[in-house]
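*Asks:* Quick one: structure below, then a few questions.
Number of protein chains: 2
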Amino acid sequence: MATPVIIFDTTLRDGTQGEGISLSVEDKLKIAQKLDRLGVHYIEGGWPGSNGKDIEFFHRSKELNLTHAKVTAFGSTRRKDSKAETDPNLNRLVESGVSVATIFGKSWDFHVHTAIQTSLEENLNMIYDSVRYLKSQGLEVIYDAEHFFDGFKNNPEYALATIQKAEAAGADWVVLCDTNGGSLPGEVSDIVKTVCSKLKTPVGIHAHNDCELAVANSLAAVQAGARQVQGTINGFGERCGNANLCSVIPNLQLKLDYNCVSEQQLQSLTSVARYVSEIANVNMAVNQPFVGSAAFAHKGGIHVSAIMRHAKTYEHIVPELVGNKQRVLVSELAGQSNLLVKAQELNLDMSNETNQTKQIIEKIKELEHQGYQFEGADASLELLLRRAFGDIEDIFTMESFKLIVAKSPGDSVVSEAIVKMKVHGETVYTAAEGNGPVNALDNALRKALVQFYPDIRDMHLSDYKVRVINEKDATAAKVRVLIESTDINNTWSTVGVSENIIEASWEALLDSIRYALIGKTRIEPQADRQAQLGLVNH
Amino acid sequence: MATPVIIFDTTLRDGTQGEGISLSVEDKLKIAQKLDRLGVHYIEGGWPGSNGKDIEFFHRSKELNLTHAKVTAFGSTRRKDSKAETDPNLNRLVESGVSVATIFGKSWDFHVHTAIQTSLEENLNMIYDSVRYLKSQGLEVIYDAEHFFDGFKNNPEYALATIQKAEAAGADWVVLCDTNGGSLPGEVSDIVKTVCSKLKTPVGIHAHNDCELAVANSLAAVQAGARQVQGTINGFGERCGNANLCSVIPNLQLKLDYNCVSEQQLQSLTSVARYVSEIANVNMAVNQPFVGSAAFAHKGGIHVSAIMRHAKTYEHIVPELVGNKQRVLVSELAGQSNLLVKAQELNLDMSNETNQTKQIIEKIKELEHQGYQFEGADASLELLLRRAFGDIEDIFTMESFKLIVAKSPGDSVVSEAIVKMKVHGETVYTAAEGNGPVNALDNALRKALVQFYPDIRDMHLSDYKVRVINEKDATAAKVRVLIESTDINNTWSTVGVSENIIEASWEALLDSIRYALIGKTRIEPQADRQAQLGLVNH
Numbered sequence: 001m002a003t004p005v006i007i008f009d010t011t012l013r014d015g016t017q018g019e020g021i022s023l024s025v026e027d028k029l030k031i032a033q034k035l036d037r038l039g040v041h042y043i044e045g046g047w048p049g050s051n052g053k054d055i056e057f058f059h060r061s062k063e064l065n066l067t068h069a070k071v072t073a074f075g076s077t078r079r080k081d082s083k084a085e086t087d088p089n090l091n092r093l094v095e096s097g098v099s100v101a102t103i104f105g106k107s108w109d110f111h112v113h114t115a116i117q118t119s120l121e122e123n124l125n126m127i128y129d130s131v132r133y134l135k136s137q138g139l140e141v142i143y144d145a146e147h148f149f150d151g152f153k154n155n156p157e158y159a160l161a162t163i164q165k166a167e168a169a170g171a172d173w174v175v176l177c178d179t180n181g182g183s184l185p186g187e188v189s190d191i192v193k194t195v196c197s198k199l200k201t202p203v204g205i206h207a208h209n210d211c212e213l214a215v216a217n218s219l220a221a222v223q224a225g226a227r228q229v230q231g232t233i234n235g236f237g238e239r240c241g242n243a244n245l246c247s248v249i250p251n252l253q254l255k256l257d258y259n260c261v262s263e264q265q266l267q268s269l270t271s272v273a274r275y276v277s278e279i280a281n282v283n284m285a286v287n288q289p290f291v292g293s294a295a296f297a298h299k300g301g302i303h304v305s306a307i308m309r310h311a312k313t314y315e316h317i318v319p320e321l322v323g324n325k326q327r328v329l330v331s332e333l334a335g336q337s338n339l340l341v342k343a344q345e346l347n348l349d350m351s352n353e354t355n356q357t358k359q360i361i362e363k364i365k366e367l368e369h370q371g372y373q374f375e376g377a378d379a380s381l382e383l384l385l386r387r388a389f390g391d392i393e394d395i396f397t398m399e400s401f402k403l404i405v406a407k408s409p410g411d412s413v414v415s416e417a418i419v420k421m422k423v424h425g426e427t428v429y430t431a432a433e434g435n436g437p438v439n440a441l442d443n444a445l446r447k448a449l450v451q452f453y454p455d456i457r458d459m460h461l462s463d464y465k466v467r468v469i470n471e472k473d474a475t476a477a478k479v480r481v482l483i484e485s486t487d488i489n490n491t492w493s494t495v496g497v498s499e500n501i502i503e504a505s506w507e508a509l510l511d512s513i514r515y516a517l518i519g520k521t522r523i524e525p526q527a528d529r530q531a532q533l534g535l536v537n538h
Numbered sequence: 001m002a003t004p005v006i007i008f009d010t011t012l013r014d015g016t017q018g019e020g021i022s023l024s025v026e027d028k029l030k031i032a033q034k035l036d037r038l039g040v041h042y043i044e045g046g047w048p049g050s051n052g053k054d055i056e057f058f059h060r061s062k063e064l065n066l067t068h069a070k071v072t073a074f075g076s077t078r079r080k081d082s083k084a085e086t087d088p089n090l091n092r093l094v095e096s097g098v099s100v101a102t103i104f105g106k107s108w109d110f111h112v113h114t115a116i117q118t119s120l121e122e123n124l125n126m127i128y129d130s131v132r133y134l135k136s137q138g139l140e141v142i143y144d145a146e147h148f149f150d151g152f153k154n155n156p157e158y159a160l161a162t163i164q165k166a167e168a169a170g171a172d173w174v175v176l177c178d179t180n181g182g183s184l185p186g187e188v189s190d191i192v193k194t195v196c197s198k199l200k201t202p203v204g205i206h207a208h209n210d211c212e213l214a215v216a217n218s219l220a221a222v223q224a225g226a227r228q229v230q231g232t233i234n235g236f237g238e239r240c241g242n243a244n245l246c247s248v249i250p251n252l253q254l255k256l257d258y259n260c261v262s263e264q265q266l267q268s269l270t271s272v273a274r275y276v277s278e279i280a281n282v283n284m285a286v287n288q289p290f291v292g293s294a295a296f297a298h299k300g301g302i303h304v305s306a307i308m309r310h311a312k313t314y315e316h317i318v319p320e321l322v323g324n325k326q327r328v329l330v331s332e333l334a335g336q337s338n339l340l341v342k343a344q345e346l347n348l349d350m351s352n353e354t355n356q357t358k359q360i361i362e363k364i365k366e367l368e369h370q371g372y373q374f375e376g377a378d379a380s381l382e383l384l385l386r387r388a389f390g391d392i393e394d395i396f397t398m399e400s401f402k403l404i405v406a407k408s409p410g411d412s413v414v415s416e417a418i419v420k421m422k423v424h425g426e427t428v429y430t431a432a433e434g435n436g437p438v439n440a441l442d443n444a445l446r447k448a449l450v451q452f453y454p455d456i457r458d459m460h461l462s463d464y465k466v467r468v469i470n471e472k473d474a475t476a477a478k479v480r481v482l483i484e485s486t487d488i489n490n491t492w493s494t495v496g497v498s499e500n501i502i503e504a505s506w507e508a509l510l511d512s513i514r515y516a517l518i519g520k521t522r523i524e525p526q527a528d529r530q531a532q533l534g535l536v537n538h
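Line order of the protein sequences matches chains X and V.
Using the UniProt record's numbering, read the first sequence as starting at 1 and increasing by one per residue.
Using the UniProt record's numbering, read the second sequence as starting at 1 and increasing by one per residue.
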């Protein structure tokens with residue numbers, strides 16, 4: 001039997017300390033449900049003593065019917081020179097109605113003197129009183145020893161004394177925090193071993209990523225005896241973030257044979273990671289280990305021909321174990337073997353022999369020569385292959401567009417787009433404004449299509465990149481535009497190339513919408529909307 | 001004396017295997033110069049046997065006058081069942097003119113059978129012959145043992161035999177590669193120790209980040225005896241990337257007391273990391289350890305009040321050691337000392353004390369908050385400083401512009417720009433076409449100015465980059481445009497920011513031309529040209 005390791009998720013609390021991360025109560029409730037299905041054991045929902053949004057979360061989390069995870073609220077030890085029973089912060093934890101409280105206290109003598117400015121003795125009392133009071137209220141108590149490693153390195157006796165106080169008061173867990181993220185795996189391992197030899201209470205680890213070592217430190221702590229890991233989805237968190245549970249869990253489970261979640265739950269890891277990024281409205285790094293879209297993507301021709309013989313040649317695990325998949329990037333660096341694998345993914349029969357295959361390869365070579373790059377534009381490549389195989393119908397065709405960008409003295413810049421297109425044989429004329437030329441074109445285009453395909457209302461452009469291909473004469477040279485689009489389930493990328501940045505953007509926009517429409521249901525625009533849309537029957 | 005660790009940078013080779021990373025020869029040359037100043041010991045520039053772009057890089061790198069780093073070219077061992085002396089790949093290395101060759105060979109018996117499909121014996125010969133041949137050509141040889149850790153775990157005797165062959169043939173370094181990125185620090189440590197006990201040749205480590213452990217594995221290898229670390233700036237590289245030198249170097253040097261680069265060189269780390277991201281046109285993660293803009297940013301109220309008492313309370317190192325800085329509020333200023341240096345360069349008296357200096361710093365903070373970034377836009381910064389010191393006169397002012405981009409059925413896209421401006425008090429109206437909207441604006445603008453300042457005929461735009469700053473809603477978000485311009489003597493960069501890509505480009509174009517006009521002589525347009533120019537006297 002594999003040794004169990006308990007997973008404590010703090011995406012909703014420490015994760016929101018990350019720059020640019022902000023979650024509404026609704027967001028938090030949605031994420032909590034996903035975390036529960038992923039199989040984490042604790043969900044730290046917030047700090048009820050610090051803001052009202054968090055109090056509402058704890059109130060509403062009771063309606064979630066979580067099947068697996070316990071919700072826990074965060075707070076600090078009582079204030080100095082006061083009573084735990086009347087401490088507002090501790091009483092907020094009790095009032096929040098959770099069954100588990102997580103409180104932090106000081107381990108580092110320097111912090112006791114400098115940050116909270118009290119005596120070493122009073123700090124010990126603050127820890128003891130706070131844990132004991134929460135236990136007396138029937139709560140499970142997780143004690144987070146803030147700055148434990150820095151404290152231990154500076155004054156081991158005192159650091160140990162603080163967690164022994166927490167143990168004496170009845171804490172259910174003692175979690176050692178590398179709050180500043182400055183410790184190295186060797187130190188973490190040694191210190192956790194020492195602590196485990198001194199305590200009966202089970203020990204946990206809470207690591208930060210300031211040295212790019214949070215995952216390594218978490219693994220080192222578990223190998224040294226820790227049985228709980230605190231971290232966040234995608235490593236969100238203050239400064240450089242917390243230990244990334246999307247890497248900690250598969251490493252513990254697939255590489256070190258610990259047991260964190262079930263096999264099925266592990267297979268949801270990639271979708272949970274992407275979902276949390278989506279809700280938090282941040283772009284996930286494509287190269288994120290295990291769950292990133294490039295984590296099992298192959299570019300070099302040598303690698304690709306080898307993985308076709310055997311995936312293990314260049315993949316450290318089977319991607320499906322974490323719900324991810326292999327991708328082959330089609331690029332100038334790669335041979336045609338990449339393309340064959342891509343066609344297989346789409347169930348298109350593209351054996352090495354036929355004329356059709358040769359034509360497709362010639363076409364792609366020609367496009368890459370013109371400056372297209374498909375490794376960052378999966379959706380454009382898929383459209384190209386599907387078109388070549390007659391696997392897709394063009395549901396709209398473009399007739400013309402006109403774009404006007406004007407600035408008059410004293411006014412801000414105005415962008416207008418006028419688009420004429422045929423949708424299912426009907427001519428549609430639309431015009432729209434936008435914050436910029438591409439936004440105006442996007443608005444006009446979607447205005448024309450949304451009445452036929454209401455689903456495209458959910459999609460939006462999530463990234464836009466421009467690169468000059470031939471840099472000799474920049475504004476007269478060709479540019480490549482990459483557009484990334486997102487809806488509730490997917491993210492896809494498209495490419496456009498032209499000497500004209502507007503035309504290149506336009507091309508990538510069209511591909512993005514064409515891809516979004518694959519498999520979508522068409523509806524008939526209501527009669528009273530037809531006039532507004534400028535529908536003209538031919 | 002601290003033990004030296006040699007830094008081998010492969011940003012230009014393995015780094016470009018990362019999804020979305022593509023570097024021109026010019027880009028590579030620029031980055032190589034920065035790497036040299038950072039103090040890396042080897043710069044792996046590419047694979048001359050694989051593409052012509054890399055051959056050009058090696059040719060041109062000789063003009064760089066690098067003061068510190070050696071440039072090395074990458075390749076593989078000879079083909080099976082052939083001679084090293086006639087192997088095209090090996091001969092490309094020789095012809096590239098570098099003094100150091102880096103070649104990889106197979107260590108994993110599974111790969112010998114599956115990927116290159118030859119006998120274990122022949123693989124040993126391939127390694128021996130290739131290293132010996134390159135040595136006989138007078139080259140320093142770094143032998144990269146591909147998949148060494150997977151190979152060792154599967155068949156330790158054979159894996160050791162491969163590197164012993166490389167040693168016997170005279171390799172100067174044996175570098176152990178965790179090519180699939182699947183190994184853990186404990187394994188890496190044990191295996192490196194074993195290898196170091198069997199070889200006399202110095203050993204290196206080449207780690208990949210598939211388990212989010214590349215930095216930890218690199219440190220573990222050094223602590224076990226490795227004396228060279230291969231990696232990339234910002235961890236660029238295939239799949240999840242290579243070991244991130246921006247974390248490896250400060251960890252080795254500041255935490256473990258090894259010696260990689262000088263103290264001064266370490267202080268350039270943040271600016272090198274940002275420069276490389278800028279050139280590669282990818283967004284750097286704000287939470288990147290050590291060098292990210294959020295690496296020392298404090299959000300939580302408790303943390304902020306503690307760091308105001310003492311920075312050490314929530315910072316694991318002094319940020320200036322790596323050229324980064326603490327951020328508390330929204331204060332993005334890229335090093336006020338940089339600003340002082342810049343002002344000195346321009347002979348502007350900008351001591352730390354005056355009101356004027358404070359106002360300039362406030363202005364720059366405000367602009368950086370809006371999304372401007374002056375690190376990649378020296379000329380815009382210079383204009384801003386000169387303007388603040390009254391050191392420059394505005395020789396033209398803009399009144400209005402209008403841009404029309406249109407595509408009709410069957411026609412190509414047409415871009416027209418109409419510009420109204422005042423030059424030395426005279427109103428000038430011009431219109432021009434272009435290959436794209438920015439080119440049309442550039443043409444109209446220069447048409448208006450060239451009669452007054454014929455010298456600007458020599459300048460042209462040499463690079464044009466666009467970045468979405470706030471990625472929440474891509475085409476409606478702010479964009480930053482960086483324009484690089486070149487004339488016979490100089491290259492300079494300018495920046496523009498707006499929600500509208502055209503307006504941002506326009507702003508950067510104006511700065512580019514204003515910069516070009518500094519110190520240029522004005523002439524009076526000839527009478528017969530005035531009508532053509534649309535000059536109107538007011």
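Glycine included, C-beta positions come from ideal geometry on N, C-alpha and C.
The structure presented is a predicted model; accordingly, all values stated were derived computationally and were not measured.
Using a Cβ cut-off of 9 Å, which residues of the stretch 196–215 of chain X contact any Cβ in chain V, in chain order?
*Replies:* So the list reads His208, Asn209, Asp210, Cys211, Glu212, Leu213, Ala214 and Val215, given in the order they occur along the chain.
*Asks:* Run through DSSP, which three-state label would Pro4(X) get?
*Replies:* Counting from 1 along the first sequence, the entry for residue 4(X) is found at position 4. Strand.
*Asks:* Taking only beta carbons into account, state which residues of the stretch 386–407 of chain X come closer than 9 Å to chain V, listed in chain order.
*Replies:* Listed by position, the residues of the stretch 386–407 of chain X near chain V (Cβ gap below 9 Å) are Met398, Glu399, Ser400, Phe401, Lys402, Leu403, Ile404, Val405, Ala406 and Lys407.
*Asks:* Where does Thr11(V) fall in DSSP's three states?
*Replies:* Walking along the second sequence from the start, residue 11(V) turns up at place 11. Three-state DSSP puts Thr11(V) in coil, outside helix and strand.
*Asks:* Is DSSP giving Gly235(V) helix, strand or coil here?
*Replies:* In the second sequence, the residue the question calls residue 235(V) occupies position 235. Residue state, collapsed to three classes: helix.
*Asks:* Please specify which runs of the alpha helix (DSSP H), each continuous and at least 4 residues long, are wholly inside the stretch 343–422 of chain V, giving them in chain order.
*Replies:* As far as the stretch 343–422 of chain V is concerned, its whole alpha helix (DSSP H) runs of at least 4 residues are 355–370 and 378–388.
*Asks:* How many Å lie between Asp36(V) and Leu256(X) at the Cα?
*Replies:* By one-based count along the second sequence, residue 36(V) stands at place 36. By one-based count along the first sequence, residue 256(X) stands at place 256. Computed Cα separation, rounded: 40 Å.
*Asks:* Taking C-beta pairs closer than 9 Å, name the residues in chain X that Arg480(V) reaches, listed in chain order.
*Replies:* Numbered from its first residue, the second sequence carries residue 480(V) at position 480. Near Arg480(V) there are no residues of chain X at all, since even the closest Cβ is about 11 Å away, more than 9 Å.
*Asks:* Is the shortest distance between the beta-carbon of Pro48(X) and the beta-carbons of chain V less than 9 Å?
*Replies:* The sequence position of residue 48(X) within the first sequence is 48, counting from 1. It does not: the Cβ of Pro48(X) has no partner Cβ on chain V nearer than 9 Å.
*Asks:* For His111(V), go through chain X and note every residue whose CB falls closer than 8 Å to its CB, in chain order.
*Replies:* Residue numbering aside, residue 111(V) sits at position 111 when the second sequence is read from its first letter. What His111(V) touches in chain X: Ala306 and Thr313.
*Asks:* Give the secondary structure of His424(X) by DSSP, where H, G and I count as helix, E and B as strand, and everything else as coil.
*Replies:* Here residue 424(X) corresponds to residue number 424 of the first sequence, with the count starting at 1. Coil at His424(X), not helix or strand.
*Asks:* Is any heavy atom in the ligand ZN found nearer than 8 Å to the beta carbon of Thr270(X)?
*Replies:* Of the ligands one can find in the structure shown there are none, so the ligand ZN has no counterpart to examine.
*Asks:* Could you tell me whether the Cβ of Leu12(X) comes closer than 9 Å to any Cβ of chain V?
*Replies:* Residue 12(X) sits at position 12 when you count from the first residue of the first sequence. False, the Cβ-Cβ gap to chain V never drops below 9 Å.
*Asks:* So for Trp464(X), helix, strand or coil by DSSP?
*Replies:* Numbered from its first residue, the first sequence carries residue 464(X) at position 464. One detail in the question is off: residue 464(X) reads as Tyr in this sequence, not Trp. Tyr464(X) falls in the strand class under three-state DSSP.
*Asks:* According to DSSP, simplified to helix, strand and coil, what is Tyr453(X)?
*Replies:* Here the question's residue 453(X) lines up with position 453 in the first sequence. Three-state result, Tyr453(X): coil.
*Asks:* Check whether chain V comes within 9 Å of Arg239(X), counting only Cβ atoms and requiring the distance to be less than that.
*Replies:* Within the first sequence, residue 239(X) is the residue found at index 239, counting from 1. Cβ-Cβ to chain V under 9 Å: yes for Arg239(X).
*Asks:* Rounded to whole angstroms, what's the CA-CA distance from Gln17(X) to Val203(X)? Just pull it up for me.
*Replies:* What you label residue 17(X) is simply residue 17 of the first sequence in a count that begins at 1. What you label residue 203(X) is simply residue 203 of the first sequence in a count that begins at 1. Approximately 24 Å between the Cα atoms of the pair.
*Asks:* Where Lys447(X) and Asp487(X) are concerned, what is the direct C-alpha to C-alpha distance, given to the nearest angstrom?
*Replies:* Position 447 of the first sequence holds residue 447(X). Position 487 of the first sequence holds residue 487(X). About 17 Å.
*Asks:* For chain X, find out if any of its Cβ atoms is closer than 9 Å to the Cβ of Ala431(V); answer yes or no.
*Replies:* Against the second sequence, residue 431(V) aligns to sequence position 431. No, its Cβ sits nowhere closer than 9 Å to a Cβ of chain X.
*Asks:* For Arg446(X), which of helix, strand or coil comes out of DSSP?
*Replies:* To locate residue 446(X), count along the first sequence from 1; it is residue 446. In this structure, Arg446(X) counts as helix in the three-state DSSP scheme.
*Asks:* Which residues in chain V have a C-beta closer than 8 Å to the C-beta of Pro88(X)? List them in chain order.
*Replies:* Within the first sequence, residue 88(X) is the residue found at index 88, counting from 1. Under the 8 Å cutoff, chain V gives no residues; its nearest Cβ is about 15 Å from Pro88(X).
*Asks:* For chain V, is any of its Cβ atoms less than 9 Å away from the one on Glu140(X)?
*Replies:* In the first sequence, the residue the question calls residue 140(X) occupies position 140. Chain V, which has no Cβ nearer than 9 Å to the Cβ of Glu140(X), makes this no.
*Asks:* Hey, Ile163(V) and Leu199(V): beta-carbon distance below 9 Å or not?
*Replies:* What you label residue 163(V) is simply residue 163 of the second sequence in a count that begins at 1. What you label residue 199(V) is simply residue 199 of the second sequence in a count that begins at 1. In this structure, Leu199(V) lies closer than 9 Å to Ile163(V) by Cβ.
*Asks:* Using alpha carbons as the reference points, say which of Ile404(X), Arg457(X), Met421(X) and Gln451(X) lies closest to Gly434(X).
*Replies:* What you label residue 434(X) is simply residue 434 of the first sequence in a count that begins at 1. Ranking the options by Cα distance to Gly434(X), first place goes to Ile404(X).
*Asks:* Can you check whether the C-beta of Ala477(V) is within less than 9 Å of a C-beta belonging to chain X?
*Replies:* Counting from one through the second sequence, the residue named residue 477(V) turns up at place 477. So yes, Ala477(V) belongs to the interface.
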